[in-house]
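Chemist: Going line by line, the protein sequences match chains B and Z.
To convert, count from 1 in the first sequence and add 172; that's this note's numbering.
To convert, count from 1 in the second sequence and add 172; that's this note's numbering.
Where is the CB? At the ideal position from N, CA and C, for every residue including glycine.
One structure, as structure tokens, below. Some questions next.
Number of protein chains: 2
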Amino acid sequence: MSTVPDDLPEARPAALLRPAGRSRPARVLFDGPERVWEAYRDTLPRALAEAGVLATVSRDLSPEETDWIVYAPGGRITDFSPYRQARAVLSLWAGVELIVVNPTLTQPLARMVDPGLTQGMVEWVTGHVLRHHLGLDRHIRRTEPRWEPSPPPLATERPVTVLGLGELGLACALALTGLGFPVTGWARSPKDERRLARVFTGRDGLAPALTGAEIVVLLTPLTRLTENLMDAERLRLPRRGFVLLNPGRGALIDDAALLAALDEGQVGHATLDTFRQEPLPPDHPFWSHPRVTVTPHIAAETRPETAARAIAENIRRGQAGEPLLHLVDRRAGY
Amino acid sequence: MSTVPDDLPEARPAALLRPAGRSRPARVLFDGPERVWEAYRDTLPRALAEAGVLATVSRDLSPEETDWIVYAPGGRITDFSPYRQARAVLSLWAGVELIVVNPTLTQPLARMVDPGLTQGMVEWVTGHVLRHHLGLDRHIRRTEPRWEPSPPPLATERPVTVLGLGELGLACALALTGLGFPVTGWARSPKDERRLARVFTGRDGLAPALTGAEIVVLLTPLTRLTENLMDAERLRLPRRGFVLLNPGRGALIDDAALLAALDEGQVGHATLDTFRQEPLPPDHPFWSHPRVTVTPHIAAETRPETAARAIAENIRRGQAGEPLLHLVDRRAGY
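This is the structure we're talking about:
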């Protein structure tokens, strides 16, 4: 995955958006792979109609005809510059690191904030945190009769650290807090978030946020500042034998450093949902490592029903001259 | 496990308790197995001191010397009748089905309500519900590289039924509701509980409570009305392939009927923490069944620190002439 370059073209300010004429339907270009199109070809027009937006959705529009671009990686557009009429590019993905680096993109870019995706992420994170906290693998894998009661500590005695307090990270941190875990959060920029046990921010806050954690959850966006965030040095900060969960982005982890820390015992288990290369190649050591669990990028799938509603709401806003939701800060990278 | 007989001696009414003289310390007899005593020999006197109760705790008191009995199954007392001075029997266990059937017990009986135990139960239930909901076993057991993304439905689409809405059942039902599951609750007696999606009560409410459930959690007390609650007929009510979780009591399930329903496919998986005989005998078919997970009665361990505080509070109340907490209704059996 490429690092975000230091220089990006400025996006056209969203403030320049004007209400569209009411006379003709908005023309929405859907740019994404076939299987994604199949999920949206009915749901998106339905969501637009439900939002009261007069619009047509198509995969075949010339740049001149295109008012809006709904985008998922793997489609046809590599050069966004001919799409001068396009009011914005609306990403179907929450992570926009693949498109934000495209120098031809000058249109405003909105990322997906899908309540279904957030809920799915909360479930994946809560499920795997509880799985490791309770030591479920032992019981799930056991094949011999062995009655050895050793109750786990309570959640209140299990410090968890969540890196990233955006839409997804904060939702997960709050769900874990609700179950009794003392949760430490970390975010790049200062946050006034008092519902968590502790919050650290900025570069200097990383070390105190990680120190002493027994479970670490990676949910920061991938930017040039967070690539290889979990390197050999930072992997040493949590408690020995800690569990690392990565439902965020593969490149947040230095893979070689993680494998070394697993073999050495500093990391007790890693449960990974995202990888530098996906699908994870069959010969990658993560597949066979006894203390790595691979899940195939399922932690947070965008759900067509709820995602289509989010896209429709942004198009409705744009057509009505209202500011778009979830615009990407191109320099920050998310 | 024996069925509760229809006729039980009446307990001495708790109202007859009188404040003790202030001159001498209350004498507390600890009756339970050695390993339990080891957990409480320091914590209980400390909790009593912290509660401001003047008391001594001992394993060796004559019946005449005994003011209070702290009880765990597996101790020395089988005949409670000589303990005429004992103000109450305070159980260290939440489930009192082993002692409530003892015809020599005429003292008031209080069961354990331990906040640590409740919290542990919520964690076990939430962890296993999420495990089954998310299909974690597939990823945990996988040994071959296989990238097959198939995201689970959201919790909002997974109906869960909790049988039993006492201290433990209600806490679990609310935690699952908080994570988005539509939870149906069932209780023996009418409940005005509006925080759950649906509540059914009484004998007639069982069938509608179970019908359509995808995950069923057993947390009713064991009484003559609930023994074999999940028999062949009731196992047919939830959705085909449903998951059964039993952190309650082993005898709530008809074991043979469950094994038949597992083999036939009506039950997709059973995760069991309690059994008719514990430890579960090594030759029991539950150990080797591919769709049964055995956990060794760890869902809710009484935690000495918090349980000792609960006992101390009840002794403080009794000594002060206040009504005891969590008295058992001997006829209902809990």
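#1: Would you list, in sequence order, the uninterrupted alpha helix (DSSP H) runs of no fewer than 4 residues that lie entirely inside the region 419-453 of chain Z?
#2: In chain B, what lies closer than 8 Å to residue 291 of chain Z by C-beta?
#3: With a CB to CB cut of under 7 Å and the five nearest residues on each side skipped, what residues in its chain are close to residue 206 of chain B?
#4: Apart from the five residues on each side of it in sequence, which residues of its chain come closer than 6 Å, Cβ to Cβ, to residue 217 of chain Z?
#5: Note down, in chain order, each residue of its chain lying with its Cβ closer than 7 Å to the Cβ of residue 247 of chain Z, except the 5 sequence neighbours on either side.
#6: Please give the ranges of any beta strand (DSSP E) in the region 236-318 of chain B, keeping only runs that are unbroken, at least 3 residues long and fully inside the region.
#7: For residue 209 of chain Z, list the residues DSSP reports as bridge partners.
#8: The region 281-308 of chain Z: which residues have C-beta closer than 8 Å to a C-beta of chain B, in chain order?
#9: Does any residue of chain Z have a CB that is nearer than 7 Å to the CB of residue 478 of chain B?
#10: In this structure, how does DSSP classify residue 328 of chain Z when only helix, strand and coil are distinguished?
#11: Out of curiosity, what's the CA-to-CA distance linking residue 592 of chain Z and residue 465 of chain B?
#12: Taking the alpha carbon of residue 394 of chain Z as the reference point, which residue from Z:463, Z:408, Z:335 and Z:224 has its own alpha carbon closest?
#13: Give a yes or no on whether the minimum CB-CB distance between residue 473 of chain Z and chain B is below 7 Å.
#14: Taking residue 313 of chain B as the query, report the chain Z residues whose CB atoms sit under 8 Å from its CB, ordered along the chain.
#15: Going along chain Z, which residues have a C-beta under 7 Å from residue 451 of chain B?
#16: With DSSP run on the structure shown, which of helix, strand or coil describes residue 403 of chain B?
#17: For chain B, is any of its Cβ atoms less than 7 Å away from the one on residue 323 of chain Z?
#18: Which of the residues in the region 228-246 of chain B, read from start to end, lie with their CB under 8 Å from any CB of chain Z?
#19: Skipping 5 residues on each side, what residues in its chain have a beta carbon closer than 6 Å to that of residue 371 of chain B?
#20: Take every Cβ of the region 308-325 of chain Z, pair it with every Cβ of the region 374-386 of chain Z, and state whether three or more of those distances are shorter than 8 Å.
#21: Can you tell me which of the three DSSP states residue 359 of chain B falls into?
#22: Check distances from the C-beta atoms of the region 417-447 of chain B to those of chain Z and list, in chain order, the residues that come in under 9 Å.
#23: If you drop the 5 nearest sequence neighbours on each side, which residues of the same chain put their C-beta closer than 7 Å to that of residue 187 of chain B?
#24: What does residue 470 of chain Z touch in chain B if you count any residue whose Cβ is under 8 Å from its own?
#25: Quick one, which of Z:341, Z:492 and Z:242 has its alpha-carbon nearest residue 224 of chain Z's?
#26: Within a Cβ cutoff of 6 Å, which residues of the same chain sit near residue 226 of chain B, ignoring the five residues on either side of it in sequence?
#27: For the alpha helix (DSSP H) containing residue 220 of chain B, name the first residue and the last one.
#28: Would you call the region 345-357 of chain Z and the region 398-416 of chain Z in contact, with 3 or more CB pairs under 8 Å?
#29: With the cut-off set at 7 Å, would you say residue 496 of chain Z and residue 490 of chain Z are in Cβ contact?
#30: If we define contact as Cβ-Cβ less than 7 Å, is residue 398 of chain Z a contact residue for chain B?
#31: How is residue 470 of chain Z classed by DSSP in three states: helix, strand or coil?
#32: If contact means a Cβ-Cβ distance below 8 Å, which residues of the region 339-369 of chain B contact chain Z?
#33: Put residue 397 of chain Z into one of helix, strand or coil per three-state DSSP.
#34: Sorted by chain position, which residues of the same chain lie with C-beta nearer than 6 Å to residue 245 of chain Z's C-beta, five sequence neighbours on each side aside?
#35: Going by the CB atoms, is the gap between residue 422 of chain Z and residue 448 of chain Z shorter than 7 Å?
#36: When you compare only the Cα positions, how much space is there between residue 316 of chain B and residue 467 of chain Z?
Modeler: This is what the structure holds:
#1: 427-436
#2: For the purposes of this step, residue 291 of chain Z is taken as the residue at position 119 of the second sequence. By Cβ distance, chain B contributes 326, 327, 328 and 352.
#3: Reading the first sequence from its first residue, position 34 is the one you call residue 206 of chain B. Closer than 7 Å at Cβ, skipping near neighbours: no residue.
#4: Here residue 217 of chain Z refers to the residue found at position 45 when the second sequence is read from its first residue. Closer than 6 Å at Cβ, skipping near neighbours: 229.
#5: Taking the second sequence and counting its residues from 1, one reaches residue 247 of chain Z at position 75. Taken in chain order, the residues that qualify are 203, 204 and 205.
#6: 240-243 and 261-263
#7: Residue mapping note: residue 209 of chain Z aligns to position 37 of the second sequence, counting from 1. Paired residue(s): none; residue 209 of chain Z is not in a bridge.
#8: 288, 291, 292, 294, 295, 296, 298, 299, 300, 302, 303, 305, 306 and 308
#9: Within the first sequence, numbered from 1, the residue matching residue 478 of chain B stands at position 306. Cβ-Cβ to chain Z under 7 Å: no for residue 478 of chain B.
#10: Taking the second sequence and counting its residues from 1, the one referred to as residue 328 of chain Z is at position 156. In this structure, residue 328 of chain Z counts as helix in the three-state DSSP scheme.
#11: Absent from the model: residue 592 of chain Z. The displayed extent of chain Z is 173 to 506, so no value can be given.
#12: Along the second sequence, one-based indexing puts residue 394 of chain Z at 222. Selected option, being the one with the closest Cα: Z:335.
#13: Position 301 of the second sequence, counted from the start, is the residue given in the question as residue 473 of chain Z. So yes, residue 473 of chain Z belongs to the interface.
#14: Here residue 313 of chain B is taken as the residue at index 141 of the first sequence, counted from 1. The contacting residues are 312 and 313.
#15: Your numbering for residue 451 of chain B matches position 279 in the first sequence. Ordered by position in chain Z, the residues that pass the 7 Å Cβ test against residue 451 of chain B are 319.
#16: Position 231 of the first sequence holds residue 403 of chain B. Coil.
#17: Locating residue 323 of chain Z in the second sequence gives position 151, counting from the first residue. Yes, residue 323 of chain Z counts as interfacial toward chain B.
#18: none
#19: Mapped onto the first sequence, residue 371 of chain B falls at position 199. Hits under 6 Å: 357, 363 and 365.
#20: no
#21: By one-based count along the first sequence, residue 359 of chain B stands at place 187. Reduced to three states, the DSSP call for residue 359 of chain B is strand.
#22: 443
#23: As a working note, residue 187 of chain B is residue 15 in the first sequence. Since pLDDT at residue 187 of chain B reaches only 38, below the 50 mark, its modelled position is unreliable, and no value is offered.
#24: Along the second sequence, one-based indexing puts residue 470 of chain Z at 298. Correct list: 321, 322, 323 and 324.
#25: Sequence index remark: in the second sequence, residue 224 of chain Z carries index 52 (1-based). Minimum Cα distance to residue 224 of chain Z is reached at Z:492.
#26: Sequence index remark: in the first sequence, residue 226 of chain B carries index 54 (1-based). Around residue 226 of chain B: 197.
#27: Working through the first sequence from its first residue, we reach residue 220 of chain B at position 48. First-last of the alpha helix (DSSP H) with residue 220 of chain B: 215-222.
#28: no
#29: Counted from its first residue, the second sequence places residue 496 of chain Z at position 324. Counted from its first residue, the second sequence places residue 490 of chain Z at position 318. Cβ distance < 7 Å, so residue 496 of chain Z and residue 490 of chain Z count as in contact.
#30: Along the second sequence, one-based indexing puts residue 398 of chain Z at 226. Residue 398 of chain Z does not count as touching chain B.
#31: Counting from one through the second sequence, the residue named residue 470 of chain Z turns up at place 298. Coil at residue 470 of chain Z, not helix or strand.
#32: 347, 350, 351 and 352
#33: Taking the second sequence and counting its residues from 1, one reaches residue 397 of chain Z at position 225. Reduced to three states, the DSSP call for residue 397 of chain Z is coil.
#34: Translated into the one-based positions of the second sequence, residue 245 of chain Z becomes position 73. Contacts found: 270.
#35: By one-based count along the second sequence, residue 448 of chain Z stands at place 276. By one-based count along the second sequence, residue 422 of chain Z stands at place 250. A contact, by the Cβ cut-off of 7 Å.
#36: Against the first sequence, residue 316 of chain B aligns to sequence position 144. Against the second sequence, residue 467 of chain Z aligns to sequence position 295. Each residue's Cα considered, the two are about 12 Å apart.
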